[in-house]
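Novice: Take this structure, written in structure tokens, and hold onto it; I'll ask about it next.
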Amino acid sequence: MTTSNKISKLLPLSVFSFLSLIFVPAAHAQFAPNSNAPTRGTADSAVSEPGLTVFSGQVDVRQGNVRILADTMKVYSGQQSNAAQAFDDFNRIEAIGNFYYITPEQEVRGERGVYERVSDTFTVTGNVILLQGKDNVVTGDKLIYNLSDNKAKVTGTCKGRKCGRNGRVNILIKNSGDPQNTPG
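Residues -16 to 167 in the numbering used here are what the sequence shown spells out, letter by letter.
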């Protein structure tokens, strides 16, 4: 088997493995794998009404070693929930504007991130960038990740070679044997 055949057979597996590693920490209904860790958040303001709490202005939510940043975060929860209970009883979270999902191993960026608890699905849209370590990168316009079955799909807005790199999914995975990946 030629090297290019080996690479073409391994690339889909590598991409899937890369994407699944990115979201393993989010596989619980909470932000971090340690659901006993308290959820802490800061924002410039918080407005609460039955079933909805809106955090605005440099929103920073943390649980364990997981961090979510956004301009605005809407937490949809049980009818009786208030701002203090928003993260205990949520069913949907929308993080809008400058969305970041950060763990020690990876970072996901986009314009908007939505988590649906019922479907256990995490969707990021708008100039999506997935970073693992310092060298592995996947970019696209939309990422849909099902946490229950670990299936991920990254899509672009343009199809075909005529698009060039714009609007298409782009992947860069460096291996440890890559001379460009070796310091000095």
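Using N, Cα and C, we set each Cβ at its ideal position, and we do this for glycine too. These numbers come from a predicted model, not from an experiment.
#1: Under the rule that 16 or more other beta-carbon atoms within 10 Å means buried, what is G93, buried or exposed?
#2: Got a sec, what are the start and stop residues for the beta strand (DSSP E) A78 sits in?
#3: For the candidate residues K117, R148, T86, whose alpha-carbon lies nearest to that of I51?
#4: Which residue's Cα is closest to the Cα of G123: S131, G96, I154?
#5: Among S28, P33, V121, N110, which residue has its Cα nearest to the Cα of V42?
#6: Tell me, please, which residues DSSP counts as bridged to N19.
#7: The ligand MN and N48: does any heavy atom of the ligand fall closer than 7 Å to the residue's C-beta?
#8: Ignore the nearest five residues each way along the sequence and tell me which others in V111's own chain have a CB closer than 6 Å to its CB.
#9: Quick one: complete beta strand (DSSP E) runs, 3+ long, within the stretch 76 to 155?
#10: According to DSSP, is G237 helix, strand or coil?
#11: So, at 7 Å on beta carbons, what are the nonlocal neighbours of K136 in its own chain, with the 5 sequence-adjacent residues on each side left out?
#12: What's the call for S131, buried or exposed, on a 16-neighbour Cβ count within 10 Å?
#13: To which residues of the same chain is V101 closer than 7 Å at the C-beta, ignoring the five residues directly before and after it?
#14: Can the beta-carbon of I76 be found closer than 8 Å to that of T55?
#15: Does the distance from the CB of T22 to the CB of V58 come in under 8 Å?
Specialist: For this structure:
#1: As a position in the sequence shown, residue 93 is number 110, starting the count at 1. Its Cβ being crowded by 16 or more others within 10 Å, G93 is buried.
#2: On the sequence shown, residue 78 is found 95 positions in, with the first residue counted as 1. Element bounds for A78: 73 to 85.
#3: Reading the sequence shown from its first residue, position 68 is the one you call residue 51. Cα-wise, what sits closest to I51 is T86.
#4: Start at 1 with the first residue of the sequence shown, and residue 123 comes out as number 140. Here the closest residue by C-alpha is I154.
#5: Counted from its first residue, the sequence shown places residue 42 at position 59. It is S28 whose Cα lies nearest to the Cα of V42.
#6: Here residue 19 refers to the residue found at position 36 when the sequence shown is read from its first residue. DSSP lists no partner for N19.
#7: The ligand MN is absent from the structure shown, which contains no ligand whatsoever.
#8: Counting from 1 along the sequence shown, the entry for residue 111 is found at position 128. Around V111: G93, G123, L126.
#9: 89 to 99, 104 to 115, 119 to 129, 134 to 138, 153 to 155
#10: Residue 237 falls outside the range modelled here, since the chain spans only -16 to 167, and no answer is possible.
#11: Locating residue 136 in the sequence shown gives position 153, where the first residue counts as 1. Around K136: I127.
#12: Translated into the one-based positions of the sequence shown, residue 131 becomes position 148. Looking at its Cβ environment, which holds fewer than 16 other Cβ atoms inside 10 Å, S131 is exposed.
#13: If you number the sequence shown from 1, residue 101 lands on position 118. Excluding residues within five positions, the ones whose Cβ falls inside 7 Å are N74.
#14: Your numbering for residue 76 matches position 93 in the sequence shown. Your numbering for residue 55 matches position 72 in the sequence shown. No, the Cβ-Cβ distance between I76 and T55 is not below 8 Å.
#15: Reading the sequence shown from its first residue, position 39 is the one you call residue 22. Reading the sequence shown from its first residue, position 75 is the one you call residue 58. It is not a contact, given that the beta carbons lie outside the stated cut-off.
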